[in-house]
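Residue numbering for the sequence shown follows numbering that gives the first Met the number 0, starting at 0 and increasing by one per position.
Working notes, beginning with the structure itself.
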Amino acid sequence: MPSRRLPLSSAVLWLASYLLAVWPGPASGEEDWIQHLLVVANKGVPESVELAHYYMERRGIATNRVLLLDCPQKLEITRQEYNETLRKPIERHLQSRGWLERDIAGTTVRNDCWLLVLCWGMPLKIAPDPGLKEPAAERLPPLFRRNEAAVDSELAALPAHDPPASGPLNNQFFRMQLFPASSRRVMLVARLDGPNAAVARALVDRALAVETTGLLGRGYFDCRGTKEPGYLPADERLRAACQAARRAGIECVLDENEPVFPTAFPMTEVGLYAGWYSAELTGAIARPGFRFRPGAITYHIHSYSATSMTTGWVGPCLARGAAAGIGNSYEPYLGLVLDPQIFFERLLAGKSFVESAYAATPAISWQQTVVGDPLYRPFPFAADEQTERLEASQHPQRAWAFLRKANLLVNNGR
């Protein structure tokens, strides 16, 4: 993929302002996510079904919160396959349970299921359909007259009334602090996935293990030092994400050079990683034997970072021990990718992985895939409590908690 395919163009800015005007965000509120999710697996793939039940057992999810679908056993599906084997069966199931209700016009009036957890073996992306003609698409800028999408992002629009296949839709949760109980038009969607079923299953264990200690390790943020106006926003947001991590006491390394962290760079104990812009895993992370810290969160901005779970960045990072990653199945354009500043700010504030990801995502029904345990909270308690917990248990890695506390003291001039 050419390195100049993620423009922050005037068309993207036009679309962003248009979408925000159409769908203003609702008020915020706290809820128990365990009571408002549905775990979805491919019943034709034994490992998918096993993973669904394993996740439910580990997280204490009720047995009525699972749906086994007879969907294609392939990475990319057609728009018709998506509608007939995923969207419609999920919607019928939600309605049969009384979790999703629509009025006579089709508008959602009740939505008690806000999170879909897709298990390994579920399709990843929807192929473009040149034969699909939608009048509404003609009102979009030419860049957005496209109907390919990530399955996750398309399902996020399920509660909306008859959403178009072409172009992105506004994510009404974007920039919000809490996912609202009154939400009607957005479903948060994440997947337990990876290059193989064993890695997908490990994501559950990695998340649960880290929630007992809080995430430990360093943050690495990889800018490009670009001067091009269309690409400056990505560098600025990565710098801001690094600053947010430092404010939270995380020891961080910020690289301002054009290449990714080079192979010889002493990149160790990685708990947080964000950077851009390489098509394939490369540099220090690609070294033989490289492993992320347990529970690590990764994000590399690239148009096709999650076009499969074996290439790009998301799957290979998970195979190297990361617990979660976010990427794109097809070209999203820079203005509509996840904002790393918002994402890491939410994580560091104690929010879950899926809340943080969608709060930082401008659009749904588009190209983003969120991979990892959606309920994972890498920073479940403040630095003081983390230090006390690890010291009380004499945890062998407690030095990281003390380092974080020392950094916070320095931040406050002490």
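Glycine included, each C-beta is placed from N, C-alpha and C at the ideal position.
The structure presented is a predicted model; accordingly, all values stated were derived computationally and were not measured.
(Q) Going by beta-carbon coordinates alone, are Asn-406 and Glu-250 separated by less than 9 Å? (A) As a position in the sequence shown, residue 406 is number 407, starting the count at 1. As a position in the sequence shown, residue 250 is number 251, starting the count at 1. Taking 9 Å as the Cβ cut-off, Asn-406 and Glu-250 qualify as a contacting pair.
(Q) Between which two residues does the alpha helix (DSSP H) holding Glu-80 run? (A) Walking along the sequence shown from the start, residue 80 turns up at place 81. Run containing Glu-80: 78-81, per the alpha helix (DSSP H) assignment.
Q: Mind checking which residues open and close the beta strand (DSSP E) that includes Arg-109?
A: Here residue 109 refers to the residue found at position 110 when the sequence shown is read from its first residue. 107-110 is the span of the beta strand (DSSP E), which, as asked, contains Arg-109.
Q. To the nearest angstrom, how far is it from the Cα of Leu-191 to the Cα of Ala-321?
A. Here residue 191 refers to the residue found at position 192 when the sequence shown is read from its first residue. Here residue 321 refers to the residue found at position 322 when the sequence shown is read from its first residue. Distance between the alpha carbons of Leu-191 and Ala-321 is about 13 Å.
Q.
Here's the rule I'm using: 16 or more other beta-carbon atoms within 10 Å means buried, otherwise exposed. How should Lys-87 be labelled?
A. Looking up residue 87 in the sequence shown gives position 88. Flag for Lys-87 reads exposed.
Q: Using DSSP bridges, identify the partner residues of Arg-101.
A: Working through the sequence shown from its first residue, we reach residue 101 at position 102. Paired residues: Thr-107.
Q: Confirm the yes/no value for this check: CB of Met-308, any heavy atom of the ligand ADP, distance under 8 Å.
A: The model depicted lacks the ligand ADP and carries no ligand whatsoever.
Q) Buried or exposed: Ala-61, going by 16 or more other Cβ atoms within 10 Å of its Cβ? A) Reading the sequence shown from its first residue, position 62 is the one you call residue 61. With fewer than 16 Cβ atoms within 10 Å of its Cβ, Ala-61 is classed as exposed.
**Q.** Asp-69 classed as buried or exposed, judged by whether at least 16 other C-beta atoms fall within 10 angstroms
**A.** The sequence position of residue 69 within the sequence shown is 70, counting from 1. Under this definition Asp-69 is an exposed residue.
Q) Can you list, in chain order, the stretches of the beta strand (DSSP E) that have 3 or more residues and sit fully within the segment 249-291? A) Taking only runs of at least 3 residues, the beta strand (DSSP E) segments lying wholly in the segment 249-291 are 251-254 and 269-274.
Q. Closest to Gly-43 by CA distance: which of Ala-381, Met-308 and Gly-120 is it?
A. Here the question's residue 43 lines up with position 44 in the sequence shown. Per the Cα distances, Gly-120.
**Q.** Whether Asn-410 touches Ala-149 by CB criterion (9 Å)
**A.** If you number the sequence shown from 1, residue 410 lands on position 411. If you number the sequence shown from 1, residue 149 lands on position 150. Between Asn-410 and Ala-149, the C-beta spacing is not below 9 Å.
Q) Does the separation of the CB atoms of Arg-353 and Leu-114 fall below 9 Å? A) In the sequence shown, the residue the question calls residue 353 occupies position 354. In the sequence shown, the residue the question calls residue 114 occupies position 115. First, the residue type needs correcting, since residue 353 is Val and not Arg in the sequence shown. When the beta-carbon positions are compared, Val-353 and Leu-114 come within less than 9 Å of each other.
Q: Please classify Glu-75: does DSSP put it in a helix, a strand, or coil?
A: The count along the sequence shown starts at 1 and reaches residue 75 at position 76. It is a strand residue.
Q: Please report the Cβ distance between Ile-300 and Ala-233, rounded to the nearest whole angstrom; I am assuming they are in contact, meaning their Cβ atoms lie under 8 Å.
A: The residue given as residue 300 occupies position 301 in the sequence shown. The residue given as residue 233 occupies position 234 in the sequence shown. About 6 Å separates the two Cβ atoms, so the contact holds.
Q. Which of the three DSSP states, helix, strand or coil, is assigned to Leu-117?
A. For the purposes of this step, residue 117 is taken as the residue at position 118 of the sequence shown. Note: Leu-117 maps to strand in three-state DSSP.
Q) Counting only runs that start and end within the segment 184-236, where is the beta strand (DSSP E) found for 3 or more residues in a row? A) Along the length of the segment 184-236, whole beta strand (DSSP E) runs at least 3 residues long occupy 187-191 and 217-221, reported in chain order.
(Q) Closer than 8 Å is the cut-off here; do at least three beta carbon pairs connect the segment 278-285 with the segment 310-321? (A) Touching, yes.
Q) CB-CB under 8 Å to Ala-240, same chain, minus the five flanking residues each way: which ones, in chain order? A) Walking along the sequence shown from the start, residue 240 turns up at place 241. Non-local C-beta neighbours of Ala-240 in its own chain, meaning closer than 8 Å and more than five positions away in sequence, comprise Phe-220, Ala-273, Pro-339, Gln-340, Phe-342, Phe-343 and Glu-344, ordered along the chain.
Q | Beta-carbon proximity list for Arg-245, same chain, < 6 Å, skipping 5 on both sides | A | What you label residue 245 is simply residue 246 of the sequence shown in a count that begins at 1. Cβ within range, chain order: Cys-251.
Q: Starting from the C-beta of Tyr-329, find all residues in its chain whose C-beta is less than 6 Å away, skip the five residues before and the five after it, and write them out in chain order.
A: Numbered from its first residue, the sequence shown carries residue 329 at position 330. Hits under 6 Å: Glu-147 and Gln-366.
Q: Going by CA-CA distance only, name the one from Phe-173, Glu-137 and Val-185 that's closest to Pro-158.
A: If you number the sequence shown from 1, residue 158 lands on position 159. When C-alpha distances from Pro-158 are compared across Phe-173, Glu-137 and Val-185, the shortest belongs to Val-185.
Q.
Can you tell me whether Gln-34 is helix, strand or coil according to DSSP?
A. Locating residue 34 in the sequence shown gives position 35, counting from the first residue. Helix.
Q. Quick one: any contact between the segment 199-208 and the segment 222-232, if contact means 3 or more CB pairs under 8 Å?
A. Contact between the segment 199-208 and the segment 222-232 is absent, because fewer than three Cβ pairs lie under 8 Å.
Q. DSSP three-state call for Asn-169: helix, strand or coil?
A. Stepping through the sequence shown from its first residue, residue 169 is reached at position 170. Taken through DSSP and simplified to helix, strand or coil, Asn-169 comes out as strand.
Q: State buried or exposed for Pro-385, treating a residue as buried only when at least 16 other CB atoms are found within 10 Å of its CB.
A: Position 386 of the sequence shown holds residue 385. Residue identity differs from the one stated: residue 385 is Gln in this sequence, not Pro. Looking at its Cβ environment, which holds 16 or more other Cβ atoms inside 10 Å, Gln-385 is buried.
Q: State the CB to CB distance for the pair Ile-76 and Ala-126, rounded to an integer number of angstroms; the pair is presumed to be in contact (CB under 8 Å).
A: As a working mapping, residue 76 is identified with position 77 in the sequence shown. As a working mapping, residue 126 is identified with position 127 in the sequence shown. With 8 Å as the limit, Ile-76 and Ala-126 qualify as a contact, their Cβ atoms being about 7 Å apart.
Q: Return helix, strand or coil for Asn-146, following the three-state DSSP convention.
A: By one-based count along the sequence shown, residue 146 stands at place 147. Three-state DSSP puts Asn-146 in coil, outside helix and strand.
Q. Applying the criterion that 16 or more other CB atoms from any shown protein chain within 10 Å of the CB defines a buried residue, is Leu-237 buried or exposed?
A. Along the sequence shown, one-based indexing puts residue 237 at 238. With 16 or more other Cβ atoms within 10 Å, it is buried.
Q: Report the partner residues of Lys-124 according to the DSSP bridge assignment.
A: For the purposes of this step, residue 124 is taken as residue 125 along the sequence shown, with counting starting at 1. For Lys-124, which the question treats as bridged, DSSP gives the partners Glu-75 and Ala-149.
Q | Beta-carbon proximity of Gly-166 to Ser-364, cut-off 9 Å | A | The residue labelled residue 166 in the question sits at position 167 within the sequence shown. The residue labelled residue 364 in the question sits at position 365 within the sequence shown. Yes.
Q. Shortest alpha-carbon distance to Asn-110 belongs to which of Val-336, Leu-37 and Met-266?
A. The sequence position of residue 110 within the sequence shown is 111, counting from 1. Out of Val-336, Leu-37 and Met-266, Leu-37 has the C-alpha closest to the C-alpha of Asn-110.
Q | Euclidean distance between Cα positions of Glu-390 and Arg-397 | A | Here residue 390 refers to the residue found at position 391 of the sequence shown. Here residue 397 refers to the residue found at position 398 of the sequence shown. In a straight line, the C-alpha of Glu-390 is about 6 Å away from that of Arg-397.
**Q.** Arg-91 versus Tyr-303: straight-line alpha-carbon distance, rounded
**A.** Position 92 of the sequence shown, counted from the first residue, corresponds to residue 91. Position 304 of the sequence shown, counted from the first residue, corresponds to residue 303. If I take the Cα positions, the gap works out to 32 Å.
Q. From which residue to which residue does the beta strand (DSSP E) around Thr-368 run?
A. Locating residue 368 in the sequence shown gives position 369, counting from the first residue. From DSSP, the beta strand (DSSP E) with Thr-368 extends over 367-370.
**Q.** Where Gly-324 falls: helix, strand or coil (DSSP)
**A.** Numbered from 1 along the sequence shown, position 325 holds the residue referred to as residue 324. In the three-state reduction of the DSSP assignment, Gly-324 falls in the strand class.
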